[in-house]
Amino acid sequence: DHMGPICHPFFMNANLVTSAPYLQHADPALKYVIVLSCSNISFDNSSFPRGLQFHSAANPQNPEIQSVGFFGRNVRPLPVFRYPAYVKEDLDRAIKVMRESVKKKEILQKEMDLIVSLFNDIYLKPEILECKTYAEQMIKTNYHLWRQYFKHSSDHIPDLLYVEQETLVSRLLLKYHLDHDTIINHILFDPQYDDFIQSFFKDIDGAFSCDQKWGTYLFWALPKGAKYRLQLWKKGNELVSKDGSYKVKLTPEDLRRALEDREIFSSTLMDFIVLSFYYGLKCLG
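For the record, in the sequence shown the residue sitting at position 3 is -17 according to our numbering, with numbers rising by one throughout.
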């Protein structure tokens, strides 16, 4: 999934299918559906990570999808990763927008009331407003939203646990791979592995293209104060942004500092090198 509210069919359907085998088995070992959610997306993604969506019955002949953004449109080009948490005033603004939609008969009053009820029951809880990042809020609110969907069900529904895959990969790199002799350590620091990376992953969707300059080489950069993520390309013993404004040496010490400061985060390729290729997780998506 992408890091955002679980209301888009992409993610609701996938999580429902994953949960289906659990329904008839109240086994403590099958208590959770774990979702390694991706924050390496921008807020303008079609899955609408910046808020809630629903189909309104205001026009029964042609129910239109309605979007309730926690943030304004100005965040759309920005990445979800490391984005600050919403505050109460953001949801107050969203309620004001919904009131206008009710006046215009774009949504029904009862639909707005349901969304406001969700705000009060889940999104405005003190523990949620105390979070530092939007991703942390989504991890906690999705847990409660999923339960809300099935509060009247008699079936055994597993809990939904979102884990930010970029943070998980960062922690694994920091703990096990920067200073130990693993294949991932060689991928990061051994120049003899460069040809392998180029031959196996260059020009593959989700990886990178050196010629066409899409994607990034293993990591994205998001320096402090920057709004947009930066592509990084390997030049000698460094990862360098296109304009040269950001550099990080490919040494354990420098990568450790950049990862701990969250100035860099793993690309999709790096995520799956670590999670699937190395640790062998079988991921659905």
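Backbone N, C-alpha and C define an ideal beta-carbon position, used for all residues, glycine too.
Contact check, residue -15 vs residue 20, beta carbons under 8 Å: No, the Cβ-Cβ distance between residue -15 and residue 20 is not below 8 Å.
Where residue 190 falls, given that 16 or more other Cβ within 10 Å makes a residue buried: Exposed, because fewer than 16 other Cβ atoms sit within 10 Å of the Cβ of residue 190.
Simplified DSSP state of residue 75, which is helix, strand or coil: Helix.
Of the listed residues 165, 46, -18, nearest to residue 23 (C-alpha basis): Cα-wise, what sits closest to residue 23 is -18.
Coarse secondary structure for residue 113, derived from DSSP in three states: Residue 113 falls in the strand class under three-state DSSP.
Contact under 8 Å by Cβ, residue 212 with residue 243: No, Cβ-Cβ distance for residue 212 and residue 243 is not below 8 Å.
Limits of the beta strand (DSSP E) - the one that residue 46 falls within: Residues 45 to 49.
For residue 164 and residue 258, believed in contact at Cβ under 8 Å, the rounded distance: The beta-carbon separation of residue 258 and residue 164, rounded to 6 Å, stays under the 8 Å limit for a contact.
As assigned by DSSP and simplified to three states, the class of residue -14: It is coil, neither helix nor strand.
Presumed contact (8 Å Cβ cut-off) between residue 70 and residue 99, rounded CB distance: Actually they are not in contact, since the Cβ atoms of residue 70 and residue 99 sit about 10 Å apart, beyond 8 Å.
Nearest residue (CA-CA) to residue 250, options 152, 210, 160: Across the set 152, 210, 160, the C-alpha of 152 shows the shortest separation from the C-alpha of residue 250.
Cβ-Cβ distance between residue 239 and residue 150 below 8 Å: Here residue 239 is near residue 150, since their CB atoms are less than 8 Å apart.
For residue 198, the nearest candidate out of 169, -10, 109, 78 (CA to CA): Distances from the alpha-carbon of residue 198 to those of 169, -10, 109, 78 put 169 closest.
Boundaries of the beta strand (DSSP E) in which residue 243 is found, first to last residue: In the DSSP annotation of this structure, residue 243 is not part of any beta strand (DSSP E), being labelled neither H nor E.
Any 3 or more C-beta pairs closer than 8 Å across the segment 105 to 124 and the segment 53 to 67: Short answer: they touch.
For residue 89, the residue or residues it bridges with in DSSP: None; residue 89 has no bridge partner.
Reduced DSSP category for residue 131 - H, G, I as helix; E, B as strand; rest coil: It is coil, neither helix nor strand.
Residue 269 versus residue 174 - alpha carbon distance: The question about residue 269 has no answer here: the residues shown for the chain are numbered -19 through 265.
Alpha-carbon to alpha-carbon, residue 90 and residue 131: Taken atom to atom, the span from the alpha-carbon of residue 131 to that of residue 90 is near 19 Å.
Opposing strand residues paired with residue 144 [DSSP bridges]: For residue 144, the beta-bridge partners assigned by DSSP are 17.
Residue interval of the alpha helix (DSSP H) (run including residue 178): Taken as a continuous stretch (DSSP letters only), the alpha helix (DSSP H) holding residue 178 covers 174 to 181.
Residue 33 - partner residues in DSSP beta bridges: Note: residue 33 is bridge-paired with 47 in the DSSP secondary-structure output.
Boundaries (first-last residue) of the alpha helix (DSSP H) holding residue 169: That run of the alpha helix (DSSP H) goes 163 to 169.
Proximal residues to residue 138 (C-beta, below 7 Å), its chain only, five neighbours per side dropped: Excluding residues within five positions, the ones whose Cβ falls inside 7 Å are -1, 2, 10, 11, 12, 13.
Residue nearest to residue 217 in terms of C-alpha spacing, selected from 102, -11, 63, 172: Considering only alpha carbons, the answer is 172.
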